[in-house]
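As you go down the protein sequences, you meet chains A and P in turn. Using my numbering, read the first sequence as starting at 1 and increasing by one per residue. Using my numbering, read the second sequence as starting at 1001 and increasing by one per residue. Heads up, the beta-carbon is just placed ideally off N, CA and C, and yes, glycines get one too.
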Amino acid sequence: SAVISQKPSRDICQRGTSLTIQCQVDSQVTMMFWYRQQPGQSLTLIATANQGSEATYESGFVIDKFPISRPNLTFSTLTVSNMSPEDSSIYLCSVVPEAGRTDTQYFGPGTRLTVL
Amino acid sequence: AQSVAQPEDQVNVAEGNPLTVKCTYSVSGNPYLFWYVQYPNRGLQFLLKYITGDNLVKGSYGFEAEFNKSQTSFHLKKPSALVSDSALYFCAVRDGGYNFNKFYFGSGTKLNVKP
């Protein structure tokens, strides 16, 4: 498994501002992902963070709104830009440590974002 | 396309009784199935997974899940529920094909265990 930490754990932000969320893993991992979990709902994949290249975004998510960096195999950031109240969610970082098809995905503790 | 269904939004059970949280799936190819639990204000914790082999998979905290290929189900079970098991449970399936690093999550089932 992998130990994953996220900063901040929670934040309250004003509309129109941006917040950068950090994800740190205690070991090098193959895959890193960012999810959004809106209140009372399941997880929605935002993007796959690719080391050394642009992230791969899912339908409905764009780089201008959710820029992602992954400078190395243990760290990634997600920025929520120009926030609106609809961005209020839990944002989760996850990793798949190895490249095997049967490997497990592990999640960070999440960042609870409230936009006023 | 891969998908996961959790037909029950909520399951209520008395402490000490057996519990079942249902999950059905649709995949092309071999299914790689997972259960996660989310406690309030926490991230998701991995409970167990089925890749191949024995249809009954044992996981953390006394949970187990039964893979049933003919019914395309992967129900989560525990013989004796604890109040501390109260949480949100997610079933997930991993794409067994080209996009094998994509995971598809169910809508979640809230488990309430009453003393």
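- Listed along chain P are F1046, each with a C-beta nearer than 8 Å to that of Y106 (chain A).
- Residues V96, P97, E98, A99 of the same chain have their beta carbon placed closer than 7 Å to that of T30 (chain A), with the five preceding and five following residues left out of the count.
- Judged by their CB atoms, I46 (chain A) and E58 (chain A) are nearer to each other than the 9 Å cut-off.
- For Y1050 (chain P), same chain residues with a beta-carbon under 7 Å away, outside a window of 5 residues either side, are L1033, V1057, A1065, F1067, F1074 in chain order.
- Remark: C-beta atoms of Q1038 (chain P) and D1095 (chain P) do not approach each other more closely than 9 Å.
- Annotated as distal: K7 (chain A) and Q28 (chain A), with beta-carbon spacing of 9 Å or more.
- By the neighbour-count criterion, in which 16 or more other beta carbons inside 10 Å mark a residue as buried, S1026 (chain P) falls on the exposed side.
- T48 (chain A) belongs to the set of residues whose beta carbon lies under 9 Å from a beta carbon in chain P.
- In this model, T1109 (chain P) and Y1089 (chain P) are separated by some 5 Å (Cα to Cα).
- The beta carbon of T1020 (chain P) lies closer than 6 Å to those of H1075, K1077 in the same chain, with the five residues before and after it left out.
- For secondary structure counted as the beta strand (DSSP E) over 3 or more consecutive residues, the stretch 1017 to 1047 of chain P holds these complete runs in sequence order: 1019 to 1021, 1024 to 1026, 1032 to 1038.
- The beta carbon of R112 (chain A) sits closer than 9 Å to some beta carbon of chain P.
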